[in-house]
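Residue numbers (our numbering): 21 to 158.
Even for Gly, the Cβ is constructed at its ideal location relative to N, Cα and C.
Remember, predicted model here, so these are calculated numbers, not experimental data.
Have a look at the structure below, then the notes.
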């Protein structure tokens, strides 16, 4: 199932670039590699597919992914109708989704990937640090 998840993610993110012009798929792969178990690895590599590609939860269901995996991916996909704060609080309620979001934020906070840190980057990182603090606090 992990190989299938990787294939779906690679195909779904094909042609997408990150802020530095690198293939976007490297980000989900880094999240996958942080995973401590199979569920975390699968959700990690697929965590941006619902939000940033044409992949749907129904597509994942039809490809045999378990409901708890799909649920975690749905939860880490921010809805247009929710604020960032609501999104983080929602994510905190699901153990698997929360762990993936922690990995995601940690990766997003890695300034070594940026050639230059702009004011906008610094503001975004401050937002991510606050979110990380919320997720890591009981």
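Among the candidates the options, whose CA atom is the shortest distance from the CA of residue i?
i           : options          : result
residue 136 : 39, 27, 25       : 39
residue 70  : 143, 61, 99, 55  : 99
residue 47  : 80, 126, 108     : 126
residue 90  : 108, 67, 104     : 67
residue 41  : 142, 133, 65     : 133
residue 26  : 78, 83, 37       : 83
residue 107 : 62, 154, 49, 63  : 154
residue 88  : 78, 128, 59, 145 : 59
residue 104 : 50, 49, 23, 152  : 152
Closer than 7 Å by C-beta to residue i: which residues in its own chain qualify, once you throw out the five before and the five after it? Chain order, please.
i           : result
residue 95  : 110, 111, 114, 117
residue 131 : 137
Start and end of the alpha helix (DSSP H) containing residue i?
i           : result
residue 120 : 115-128
residue 140 : 139-156
residue 61  : 58-66
residue 48  : 46-54
residue 24  : 22-32
Check whether the stretch 66-79 and the stretch 21-37 are in contact - that is, three or more C-beta pairs closer than 8 Å. yes
Examine the Cβ distances between the stretch 52-63 and the stretch 111-125 and report whether three or more of them are shorter than 8 Å. yes
Which parts of the stretch 69-106 are runs of the alpha helix (DSSP H), unbroken and 4 residues or longer, counting only runs that do not cross its ends? 69-72, 77-82, 87-95
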